[in-house]
Every structure is written in structure tokens, then in C-alpha cells.
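The block underneath contains the structure these notes are about, expressed in C-alpha cells.
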Amino acid sequence: MTQQNISALTAEGKLPKDATLRELLKAYCAQLRRAASGQATSPEKVELDRQKTLLVRAQTEAQDLKNSVARGEYAPIGILADVLALASSAIVDRLDQLEGQLRKACPDLPEDARQVVLRVIADARNEWIRSTSKLVGDSVERMAQSEEDEHDALDISEDAV
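Put into C-alpha cells, the structure is as follows:
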């Protein structure tokens with residue numbers, strides 16, 4: 001323990017400025033223990049630890065995503081939207097064919113009753129299209145918000161360090 005060491009550590013804020021020799025000795029020993037155990041807290045070490053934490057978190061998320069894809073639990077929202085659009089299109093096409101099928105299957109059905117049935121089917125078709133479009137839009141918004149919230153949680157400001 002030299003005067004130069006004490007002065008340097010005091011200037012760095014690692015030892016108290018106004019302390020007795022006994023307090024300085026205790027603080028100096030504690031500082032040596034922290035340094036020996038790798039717990040020294042220089043600004044560079046804090047930044048390095050923060051960067052390591054962010055890297056590990058990103059690697060974990062990437063691996064989780066790969067695992068989800070491998071298990072078939074995940075697909076990009078664009079592909080899911082395309083599949084849903086194709087399924088909706090197939091259903092709408094089938095519903096549009098019901099008028100001709102209804103005429104063939106029930107030729108005796110009064111025109112008023114046929115119009116009521118067709119109106120109900122058209123309303124159901126339109127609701128199907130509206131609700132699936134809303135579902136896709138809401139899902140995209142939730143994903144975007146979730147990613148934004150996650151990004152904000154990872155964003156460590158310089159003031160906090």
C-alpha cells in the first residue's frame with residue numbers, strides 16, 4: 001500500500017477522500033478483493049458487461065426463434081397472412097357459388113325465402129372477410145408493439161450506467 005496507490009484510488013472514487021488510515025486500509029483491502037475477484041467496476045468494464053449481456057440476450061432470442069421454427073410453432077406474419085387470405089378466398093368463392101346450388105337443390109323455394117338465405121350468406125361472407133382482416137391487422141400491431149416494448153426494455157441509457 002503506497003501513497004501513490006491510495007491517491008490514485010481516491011481520485012478514481014474507489015476510496016473515501018476523508019478517512020482515517022484504518023478506514024483507508026479497510027477500503028483498500030476491499031478494493032483489492034473486488035479487483036481479484038473480477039468485480040472491479042471501471043466504466044470500461046461496466047460497458048463491456050452491458051454489451052456482453054445484450055449479446056447473450058440476442059443470441060438467446062435467436063436460438064429460441066430457431067427452435068420455434070424447427071418445432072413448427074412459428075412462421076413469419078407475412079406467410080400466415082397469405083395462408084389466411086387464400087383460405088378466406090376459397091371460402092368466399094364457395095359462398096358465392098351457393099346461389100346456383102340453392103336454385104338447383106331447392107327449385108320450389110319461394111324467391112323471398114331464397115333472397116333471405118342469400119342475404120344471410122352474404123352477411124356471413126362479409127363478416128368473415130372483415131373479421132379475418134381485423135385479426136391480421138391486430139396481430140401485426142401487437143407484434144410491432146411487443147417488439148417495440150422489448151427494444152425499449154433492452155435500451156439502457158447512458159445515465160443509468
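Just so we're aligned: 21 in the UniProt record's numbering is position 21 of the sequence shown, and the numbers increase by one with no gaps anywhere.
Just so it is clear, CB atoms sit at the ideal spot from N, CA and C, and this is done for glycine as well.
Computed from a predicted structure; not experimentally measured.
Sequence-distant residues of the same chain with beta carbon closer than 6 Å to residue i, five excluded per side
i: Ile121; result: Leu95 and Leu98
i: Tyr74; result: Ser68
i: Leu86; result: none
i: Asp159; result: Interpretation of Asp159 is limited by its pLDDT of 46, a score under 50 that renders its predicted location unreliable; the figure taken from the coordinates is listed afterwards. If we look at Asp159 and ignore the five residues flanking it on each side, it has no Cβ neighbours.
Contacts around residue i, its chain only, beta-carbon distance under 7 Å, and the 5 residues preceding and following it disregarded
i: Ser7; result: none
i: Leu21; result: none
i: Arg114; result: Leu102
i: Val140; result: Ile77
i: Glu23; result: Pro16
i: Leu65; result: Tyr74
Span of the alpha helix (DSSP H), counted from its first residue to its last, around residue i
i: Glu99; result: Leu98 to Ala105
i: Ser7; result: Gln3 to Ala11
i: Leu32; result: Leu21 to Ala36
Near the ligand MG: residue i beta-carbon under 8 Å from a heavy atom
i: Leu25; result: Here there are no bound small molecules, and the ligand MG is not part of this structure.
Residues of its chain near residue i, where Cβ-Cβ distance is below 8 Å and the 5 sequence neighbours each way are ignored
i: Val56; result: none
i: Ser88; result: Trp128, Ile129 and Thr132
i: Glu148; result: none
i: Val92; result: Arg125, Trp128 and Ile129
i: Asn5; result: Tyr28
i: Ser157; result: Because Ser157 carries a pLDDT of 48, less than 50, the predicted location of this residue cannot be relied on, and the following value inherits that uncertainty. Excluding sequence neighbours, Ser157 sits near nothing in its chain.
* Asked: Between the region 76–85 and the region 136–145, do three or more beta carbon pairs fall short of 8 Å?
  -> yes
* Three CB pairs or more closer than 8 Å across the region 26–34 and the region 3–18 -> yes
* Which runs of the beta strand (DSSP E) fall wholly inside the region 46–98 and span at least 3 residues, in chain order? -> none
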